[in-house]
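These protein sequences, in sequence, are chains A and B.
Each residue of the first sequence is one higher than the last, beginning at 1 in our numbering.
Each residue of the second sequence is one higher than the last, beginning at 374 in our numbering.
There are 2 protein chains.
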Amino acid sequence: MNLQDVKTPSLVLDAGRVRRNAARMSERVKRLGVELRPHVKTHKCVEVARIQTEGQRGGVTVSTLGEARAFAARGFRDITYAVPIEPGKFDDAIRLSGACERLALITDDASVPPLLDEAARRAGVRVDLFLKVDCGYHRCGVEPDSPEALQIPRLIADAKGLRFAGILTHAGHSYHARSHGELLEIARQERDVMREFAARLRAEGIEVPTVSVGSTPTTTQVDHLEGVDEARPGNYIFFDAFQATLGSCSFDDCALTVLAAIVHRDRARRKIVIDAGAVALSKDRGAADIDPACGFGRVLDLEGRDLGLRVESLSQEHGALHVEDEAVFDRLTVGTRVRVLANHSCLTAAQHSHYNVLEGERVVDRWEIQRGW
Amino acid sequence: MNLQDVKTPSLVLDAGRVRRNAARMSERVKRLGVELRPHVKTHKCVEVARIQTEGQRGGVTVSTLGEARAFAARGFRDITYAVPIEPGKFDDAIRLSGACERLALITDDASVPPLLDEAARRAGVRVDLFLKVDCGYHRCGVEPDSPEALQIPRLIADAKGLRFAGILTHAGHSYHARSHGELLEIARQERDVMREFAARLRAEGIEVPTVSVGSTPTTTQVDHLEGVDEARPGNYIFFDAFQATLGSCSFDDCALTVLAAIVHRDRARRKIVIDAGAVALSKDRGAADIDPACGFGRVLDLEGRDLGLRVESLSQEHGALHVEDEAVFDRLTVGTRVRVLANHSCLTAAQHSHYNVLEGERVVDRWEIQRGW
C-alpha cells in the first residue's frame, strides 16, 4: 500500500525517523548516565514504546490510567503515572498495580498519602508514590522549600501501605524558552533543584530511591545530569512543527504527519480546503508567539517537501489554506493528497485510532493508539 | 450510579436538556414549514439522533463517512454527507449508499461529477449529488452567479450514474454575528440566496428537488423559510458556552459538560488543577472575541451551578483554574469533582468514547460516540 491508498484524514508515521529519534535520545541519556523512562503520552502506542525502550530497562511514563491499562496488558511491567493521583482513581490504580510489576503514582498534596495508604492496606498491596516537585514550571508540584516538601515524604515513608518512590519533576517551562541560553538555564535549574532537594531529604534521614526529571528540551540540552536517576522525555520521538520552530529539532526529524485530501478550491480567493479539520489536527496554536503565521500546521507534498503553505483556519472537518502561487494552486486539484505537519504531535495523535506506518514510500503496518482514560 | 461513581475525565449528558432542545427545534422547523435533517457531527451518537428525529422523517446530516457508516448500520436510512466529496472517498461512499436507502453527497467542483458518474456506473448504482452553494460564509461552495453554478447542476443532471439532489448551503458566518440584527440579516441571506438561485436553475430547466440550508443560529432566528425544503442545524442539541455567550441559548440549555476531578491545589498561587486537559476539553477558543476571559470553559459544581471560574490554560491532561475566593478555594480539595461547560460541544464530544447519560441526579445509561473517518 502507498499513500494514495490510505483513507484521509489519517496519521502517517515515518518509521525511519521514529527509529532515528529513538536512537539519538537513547544514546543521549546513556551519555548522561541516567535511565530513560519515555513519556508515552505523545504516541499512546505499544509499538512505538518498544522502539523507544530498546536497550533500556523498559520503564515508561503515562499520562492516563487508560494508557497504563493498555501498556500493562501488552507486557510493560514498570509504569509511572505522572499526573497527581486523586481519590477517585485509587481503586483503578491499585487494581492496575496488580497487572504489572510496578505502577508508581505521584502526589503533591498532604491529604493524599493517608487516604491512599488506607486504600492500599485494604487491598493488601503496597503502592509506590513519588513526591511531585515544582522546579519552576508552576503547573503542579510542591516548592522544595515549603513545609509540605518534607511533610509529604515523611507521611509516605511512614505509611505501611505506601513506599516512597522518590522525587519527580517536569520542567514544562522549557517549552517557552526564547533562546538556547535560557533553555540551558532551565535544564540546569530542573537538575539542580532536584539534586539539592534530594540531598536535603537524605540529610533528614529520608531515603530517596529515584530522582526523576524530564522534558524533551531539557534532556536534549542539559550539560550533565549528576545526581539524577532517570529522564522522562516524550515529544522527541515524533517532534512537531512547534519543536522544530523552537529549534529542538530540524523539520526533517518530524515523524508524524496527517494525510489529507483537497475537497474544495476557489481560484478567485486563492483558497484550498482539505479534509483535515480541527478533529484530525487539533486546535493547538503551537509556536504562535514566535511565528504568528504558523497557523495550525505546515502543508507538505506526499514526499514530505514543504509546499510553503500553512493551514490557516480550522472547522470540525475542514482545514483552509491560502495559496498565492498560481502554479501551486494549479497542482492542488480536488482529490490531490498532501501531508500536514501539525503544531503539536501529542494532541494530533490523540485524535486518531491508529498510525499508518511508512517505510520509505510504502505503508507497511497499522499501529493502534490507546486512547481514553 | 451518580456523578461520584463515574470516572474522570468523562462526558456528562443531561438527557432532559437534550429532549427539551430537540423538542424546541422540532417545533421550530415545523412552524417554519421545512423538514429537519439534524447534523449529527455535534454528538456522533445514534441515541441522540433518535431523539432529534422523533416525529420527523428521520433524515440526518453527517460530517464523515465514518458517521455515515455507523448510522447506516444502526438503522438510519437517509443520510447526507455534507463535506465536499473527493475521488479518494468514491468507493467508500458508493459502498455505503448500498447500506442505506439514500446517501447524498455534495460537490462544488466541476471535476467531480464526471469522475463520480464513472465510478457510480461502474458499480451499477445511481448517486445523489447536491451542489454546494456559498451563501456568504466563503468556506466552501460555488457562488450562485458564477458559471459553475449552472454548469455543475447540468453535468449532474445529464450523468446517468448521478441524480441531481438539489442545492445545499451552510451559513457558518452566522457564528460570527455580533448582534441580533446582524444574525437575522445572515439568516435571511442564507434563505434568499438559495431560493433565488433555485428559481434561476428552474428557469433554466433544471429540476431542483431539495433546497437545503442550515445552522443553529440561522434556523433559530430566521423569520420565515419559504422556498426552502429542509434545515440542517446541529449544535442546538447540546449548545455550549460559545452559543450561550452569543445569545443563541441560555446557559441552562447547555446539555454537555465534562466531569473532572481536582488533582492539585496551590494556595499561595490560588491555583487549582483538574484532570480535564486539552484532550478531554479540546483547545477551541470559543467566544474569545466577545469574552476574552472565557478561557477553555466554565467550571460548575456537580449540580450544574456556575462557580464563577474558568479553565484558564490547558496542557494534555491538566486544566488550570485561578480561584481568588478563599471560601471557594477551601471547598476545592483534591478529589473534589466539578463539571466543565466547554466552549465548543462538537469538538469536546469528538474527544471521547461515550456519554454518561444523566437523568436528574442519576447516571442511567452509556451512549457510544461514533468517532473516526
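Every residue gets a Cβ at the ideal spot worked out from N, C-alpha and C, and that includes glycine.
Neighbouring residues, chain E, relative to residue i (Cβ below 8 angstroms)
i, result
"serine 383(B)", "The question asks about chain E, but that chain is absent: this structure's protein chains are A and B."
6 angstroms Cβ shell around residue i - same chain, five flanking residues per side excluded
i, result
"isoleucine 525(B)", "Ala483, Leu504"
"glycine 214(A)", "Ala231, Arg232, Pro233"
"leucine 528(B)", "Pro486"
C-beta neighbour in chain A for residue i, strict 8 angstroms
i, result
"leucine 680(B)", "no"
"glutamine 562(B)", "no"
"histidine 753(B)", "Because chain B in this structure spans residues 374 to 746, residue 753(B) falls outside the shown range and cannot be described."
"arginine 671(B)", "no"
"lysine 414(B)", "yes"
"glycine 692(B)", "no"
"alanine 532(B)", "no"
"alanine 522(B)", "no"
"alanine 446(B)", "no"
"alanine 723(B)", "yes"
8 angstroms Cβ cutoff, residue i in contact with chain B
i, result
"threonine 64(A)", "yes"
"arginine 316(A)", "One detail in the question is off: residue 316(A) reads as glutamine in this sequence, not arginine. Judged by the 8 angstroms Cβ criterion, glutamine 316(A) is in contact with chain B."
"arginine 126(A)", "no"
"proline 87(A)", "yes"
"leucine 347(A)", "yes"
"aspartate 108(A)", "yes"
"histidine 138(A)", "yes"
"proline 84(A)", "yes"
"serine 111(A)", "yes"
"serine 353(A)", "yes"
"alanine 104(A)", "no"
"lysine 7(A)", "yes"
"alanine 119(A)", "no"
"alanine 68(A)", "no"
"alanine 261(A)", "yes"
"alanine 342(A)", "no"
Buried or exposed (CB count within 10 angstroms, at least 16 for buried), residue i
i, result
"proline 292(A)", "exposed"
"methionine 567(B)", "buried"
"isoleucine 663(B)", "exposed"
"glycine 172(A)", "buried"
"arginine 265(A)", "buried"
"glutamate 101(A)", "exposed"
"methionine 398(B)", "buried"
"serine 718(B)", "buried"
"glycine 295(A)", "buried"
"glutamine 425(B)", "buried"
"glutamine 4(A)", "exposed"
"valine 402(B)", "buried"
"glutamate 599(B)", "exposed"
Same chain only: Cβ atoms within 8 angstroms of residue i, ignoring 5 sequence neighbours per side
i, result
"histidine 180(A)", "Gln221, Gly247"
"valine 125(A)", "Ile94, Ser97, Gly98, Gly161"
Contacts around residue i, its chain only, beta-carbon distance under 7 angstroms, and the 5 residues preceding and following it disregarded
i, result
"glycine 677(B)", "Arg712"
"cysteine 135(A)", "Thr169, Ala171, Gln189, Glu190, Val193, Met194"
"glycine 708(B)", "Ala634, Ile635"
"arginine 139(A)", "Gly172"
"threonine 64(A)", "Trp373"
"valine 228(A)", "Val34, Arg191, Met194, Arg195, Val211, Val213"
"leucine 314(A)", "Gly277, Ala278, Leu281, Lys283, Phe296"
"glutamate 420(B)", "Trp740"
"arginine 575(B)", "Val581"
"valine 328(A)", "Leu307"
"proline 9(A)", "Val258, Leu259, Ala260, Asp275, Ala276, Ala280"
Beta-bridge partners of residue i, as assigned by DSSP
i, result
"arginine 683(B)", "Arg671(B)"
"tyrosine 81(A)", "Val62(A)"
"histidine 354(A)", "Glu368(A)"
"glutamate 491(B)", "Answer is none; glutamate 491(B) lacks a bridge partner."
"isoleucine 262(A)", "Ile274(A)"
"glycine 539(B)", "Phe503(B), Thr583(B)"
"threonine 348(A)", "BP columns for threonine 348(A) are empty, so no partner."
"threonine 480(B)", "Leu504(B)"
"histidine 416(B)", "For histidine 416(B), which the question treats as bridged, DSSP gives no partner whatsoever."
Check: Taking Cβ-Cβ distances below 8 angstroms as the criterion, which residues of the stretch 322-340 of chain A are in contact with chain B?
Finding: Thr333, Val334, Gly335, Arg337
Next item on the list: Could you name the residues of the stretch 460-474 of chain B whose beta carbon sits closer than 8 angstroms to any beta carbon of chain A, in the order they occur along the chain?
Entry: Pro460, Gly461, Lys462, Asp465
Margin query: Output needed in chain order: residues of the stretch 268-298 of chain A with a Cβ under 9 angstroms from some Cβ in chain B.
Written below: Ala268, Arg269, Lys271, Val273, Asp275, Gly277, Ala278, Val279, Ala280, Ser282, Lys283, Asp284, Arg285
Notebook entry, point to check: Which of the residues in the stretch 539-570 of chain B, read from start to end, lie with their CB under 9 angstroms from any CB of chain A?
Noted result: Gly545
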